[in-house]
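Enquirer: Got a structure for you, written out below as structure tokens; questions coming shortly.
Number of protein chains: 2
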Amino acid sequence: MSRQREAILSAVRESCCHPDADMICARVKEDIPHVSLGTVYRNLGRLAEEGLIRRIAVPFAADRFDKTLTPHGHAVCPSCGDVSDLPEYISASLEKALGECISYELTVRRECEECKKLKNIQFKN
Amino acid sequence: MSRQREAILSAVRESCCHPDADMICARVKEDIPHVSLGTVYRNLGRLAEEGLIRRIAVPFAADRFDKTLTPHGHAVCPSCGDVSDLPEYISASLEKALGECISYELTVRRECEECKKLKNIQFKN
DNA sequence: AAAAAAGTAGGAATAATTACTGTTATTAGT
DNA sequence: ACTAATAACAGTAATTATTCCTACTTTTTT
Numbered sequence: 331m332s333r334q335r336e337a338i339l340s341a342v343r344e345s346c347c348h349p350d351a352d353m354i355c356a357r358v359k360e361d362i363p364h365v366s367l368g369t370v371y372r373n374l375g376r377l378a379e380e381g382l383i384r385r386i387a388v389p390f391a392a393d394r395f396d397k398t399l400t401p402h403g404h405a406v407c408p409s410c411g412d413v414s415d416l417p418e419y420i421s422a423s424l425e426k427a428l429g430e431c432i433s434y435e436l437t438v439r440r441e442c443e444e445c446k447k448l449k450n451i452q453f454k455n
Numbered sequence: 331m332s333r334q335r336e337a338i339l340s341a342v343r344e345s346c347c348h349p350d351a352d353m354i355c356a357r358v359k360e361d362i363p364h365v366s367l368g369t370v371y372r373n374l375g376r377l378a379e380e381g382l383i384r385r386i387a388v389p390f391a392a393d394r395f396d397k398t399l400t401p402h403g404h405a406v407c408p409s410c411g412d413v414s415d416l417p418e419y420i421s422a423s424l425e426k427a428l429g430e431c432i433s434y435e436l437t438v439r440r441e442c443e444e445c446k447k448l449k450n451i452q453f454k455n
């Protein structure tokens, strides 16, 4: 567990959004300025393989990384691109319906609360 | 609706698997040998935007295209990469749980029947 | 401390996809 | 039918996300 790998893992764990490799790289650069994007990708890949983080493939966008290990779906906001977790009851019902399955990706496109509010304000004016 | 676009649309509609741009291009080349991959991509994109076909983003693989327009999930076989449709009752229960949502991508990784059989045979020997 | 192993930086390579350019085909107006 | 305008195409260059490669550095083992 090198200094870089440690920093990369921390960056994912500290994040509340679901960062992609670029965002992680930018964050790690604050502490280790000469870290390379290649190193970030390699370590994110390894950490995901080792099961310390999860890699999520968002359609039409770069892969993102998630500190939460239990399987769950994601919501992508079409307006701002923000990725958030879907509540557990949704994955629970899905898993029940699916039965035997190795893993799944569920990505829902729906407006986040922030953007919904913003639109309401705009319509009022 | 040009000859090329027509051919590309037909290729998707005729397909029973969920072809990617390359597969479509190969199929269209049988009729129009000098069609270019760029044209295939451009038209697949347009057809998807116009709602005549659906574009599905499979994690860790090239996008695939689907003649079926109603929302539904997909199963990817980890052994052979084959993509098939999930039964309707799964999407129905998911949509019920989701409530308000623009669209979703559901990709499940699970062994297809073919590969399951093949593995059984191998174990028996 | 020397040798071996693991890890890194930086850039080249790859794959999927899109954008650009010059050419061709189609349509509309006269 | 003839020309101008529009749309589409082929082919290629560019972009983006990602992995691979090579030489260098750090860490571990003996």
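Just so you know, the protein sequences line up as chains A and B, in that order. Each residue of the first sequence is one higher than the one before, counting from 331 in the numbering used here. Each residue of the second sequence is one higher than the one before, counting from 331 in the numbering used here. The beta carbon of each residue, even a glycine, is placed where N, CA and C say it ideally should be. The structure presented is a predicted model; accordingly, all values stated were derived computationally and were not measured.
1) Are any of the Cβ atoms in chain B nearer than 8 Å to that of V299(A)?
2) I need the DSSP call for V370(A), collapsed to helix, strand or coil.
3) What would DSSP say about L448(B), mapped onto helix, strand or coil?
4) Please report the straight-line C-alpha distance between D415(B) and H404(B), rounded to a whole angstrom.
5) Considering Cα atoms alone, identify which of N450(B), A378(B), L436(B) and A422(B) is closest to H402(A).
6) Compute the Euclidean distance between the alpha carbons of H364(B) and A351(B), then round it to the nearest angstrom.
7) Against chain B, which members of the segment 386-408 of chain A pass a CB distance test of less than 7 Å?
8) What does a CB cutoff of less than 7 Å around R394(B) pick up in its chain, not counting 5 residues either side in sequence?
9) Measuring only between beta-carbons, confirm whether E443(A) sits less than 8 Å from chain B.
10) Can you find a CB in chain A that lies within less than 8 Å of the CB of S433(B)?
11) Where do the ends of the beta strand (DSSP E) carrying V463(A) lie?
12) Report yes if the CB atom of M407(A) is closer than 8 Å to the CB atom of C346(A), and no otherwise.
13) Using a threshold of 8 Å, state whether the C-beta atoms of Y371(B) and A427(A) are closer than that.
14) Quick check on S433(A): does DSSP put it in helix, strand or coil?
15) Taking 8 Å as the threshold (beta carbon to beta carbon), is L428(A) in contact with chain B?
16) Specify, as a first and last residue, the run of the beta strand (DSSP E) that V413(A) falls within.
17) In the DSSP assignment, what are the bridge partners of R384(B)?
18) Between which two residues does the alpha helix (DSSP H) carrying V365(A) extend?
Expert: Let's see:
1) For chain A, the structure presents residues 331 to 455; residue 299(A) sits outside this window and is missing.
2) V370(A) sits in a helix when the DSSP states are folded into three classes.
3) Reduced to three states, the DSSP call for L448(B) is helix.
4) If I take the Cα positions, the gap works out to 5 Å.
5) Of all alpha-carbon atoms in N450(B), A378(B), L436(B) and A422(B), the one lying nearest the alpha-carbon of H402(A) is that of L436(B).
6) It is roughly 15 Å from the alpha-carbon of H364(B) to the alpha-carbon of A351(B).
7) Listed by position along the chain: A387, P389, F390 and P408.
8) Cβ within range, chain order: H348, P349, D350, I386, V388 and V413.
9) False, the Cβ-Cβ gap to chain B never drops below 8 Å.
10) Yes, because at least one Cβ of chain A sits closer than 8 Å to the Cβ of S433(B).
11) In this structure chain A extends from 331 to 455, so residue 463(A) is not present and cannot be described.
12) The question names Met, yet the displayed sequence has Cys at residue 407(A). Cβ distance not < 8 Å, so C407(A) and C346(A) don't count as in contact.
13) Going by C-beta atoms, Y371(B) is not nearer than 8 Å to A427(A).
14) Under the three-state reduction of DSSP, S433(A) is assigned to strand.
15) Using a Cβ-Cβ cut-off of 8 Å, L428(A) counts as an interface residue toward chain B, since at least one Cβ of chain B sits closer than that to its own.
16) In the DSSP annotation of this structure, the continuous segment of the beta strand (DSSP E) that includes V413(A) starts and ends at V413 to D415.
17) By DSSP's assignment, R384(B) forms a beta bridge with D396(B).
18) No residue range can be given for V365(A), since it is assigned to no alpha helix (DSSP H) and is classified by DSSP as neither H nor E.
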